[in-house]
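So the sequence shown is residues 1 to 198, counted in the working numbering.
This report refers to the structure that appears directly beneath it.
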Amino acid sequence: MKKILKNNDIVLTGEYLGVVEEYLPDKNSTFIKDGAIYATKTGLINLDMDKRKIEINTHQDEDRKTIKLGDIVIGSILFIRKYSVGLNFYTINKKVHFNSYFFGNVHVSQISNKYIEQISDAFRVTDIIRAKVVEEKENEFDLSTSGKDLGVIHADCTVCGTKFDKIAFGKLECSTCGNMENRKLAYDYGEINEHLRY
Ligand SMILES: [Zn+2]
């Protein structure tokens, strides 16, 4: 009888998974013999039904510290260049990676779907932003903050350090010193419960 595989089913090394007509097998966790796919490790089935991709993950893989395109990251702005900002991030898809950090860049064209004249109207050093990984390079990642769920989620006044209040779309005001600045804000600026300070 043919077993129907489901996500998170446990399979053992050498177990038959299906045939190449059914699935696109992952090279790292399966092997093919005479058109049949077998597991090369013991772990949990991960099926991508759209692409018919099949792979086997272990719990170690689940905790992996690699980053994939489309991942959402949270990090703080380290520096501002003419056409991009650099940030480090420790949080990937709401998991905090305490022992490592990753480095990302947001190019001016990736900040917003609106035109940004100067980067300081979108970000300042120490802002905490939520961004999406759009390109992977060696050890760096290109990020985008275009979209209403992405952008600054926490910012302190650059004059006195008080947490900024949002007063309008893209506008922040300091309740202590009255300083006003612009940012590319995420829709939930200031309402964040996620762990942001490290
Ligand atoms: Zn202030």
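Positions of the beta carbon are idealized from the N, C-alpha and C atoms, including for glycine.
Computed from a predicted model, the values in this text were never measured in an experiment.
Need the endpoints of the beta strand (DSSP E) that Asn166 sits in, please. Reading off the sequence shown, one finds Lys at residue 166, where the question assumed Asn. That run of the beta strand (DSSP E) goes 165-168.
CB-CB under 6 Å to Lys163, same chain, minus the five flanking residues each way: which ones, in chain order? Contacts found: Asp156.
Which whole-angstrom value is the C-beta distance of Ile45 and Lys6, which I expect to be below 8 Å? 7 Å
Measure how close the beta-carbons of Lys171 and Tyr189 come, nearest whole angstrom, since I'm counting them as under 8 Å. Not really, about 10 Å apart at Cβ, beyond 8 Å.
Contact between the region 123-137 and the region 74-87: three or more CB pairs below 8 Å? The answer is yes - the region 74-87 touches the region 123-137, with three or more Cβ pairs under 8 Å.
Could you give the DSSP three-state label for Met1: helix, strand or coil? Residue placement at Met1 is poorly supported in this model, since its pLDDT is 47, which falls under 50; the coordinates still yield a value, given next. Looking at Met1 - three-state DSSP - the assignment turns out to be coil, as it is neither helix nor strand.
Excluding the 5 residues preceding and the 5 following Tyr198 in the sequence, name in chain order all residues of the same chain whose CB lies nearer than 7 Å to its CB. Annotation note: pLDDT 43 at Tyr198 (below 50); position unreliable, coordinate value reported separately. Only Tyr90 meet the Cβ criterion.
Do you know how far the Cα of Phe141 is from the Cα of Glu22? Straight through space, the alpha carbons of Phe141 and Glu22 are spaced by roughly 34 Å.
Pick from Asn8, Thr30, Arg81, Lys33: whose alpha carbon is nearest that of Leu47? Among Asn8, Thr30, Arg81, Lys33, the Cα nearest to that of Leu47 belongs to Asn8.
Distance, Cα to Cα, Pro25 vs Cys160? 56 Å
Taking buried to mean at least 16 other C-beta atoms within 10 Å of its own C-beta, is Tyr183 buried or exposed? Reading off the sequence shown, one finds Arg at residue 183, where the question assumed Tyr. It counts as buried.
Would the beta-carbon of Val11 fall within 7 Å of that of Ala39? yes
Secondary structure, beta strand (DSSP E): runs of 3+ residues fully inside the region 79-103: 84-92
Collapsed DSSP secondary structure at Asp142 in the structure displayed: Asp142: strand per DSSP, three-state reduction.
Mapping DSSP to helix, strand and coil, what is Asp121? helix
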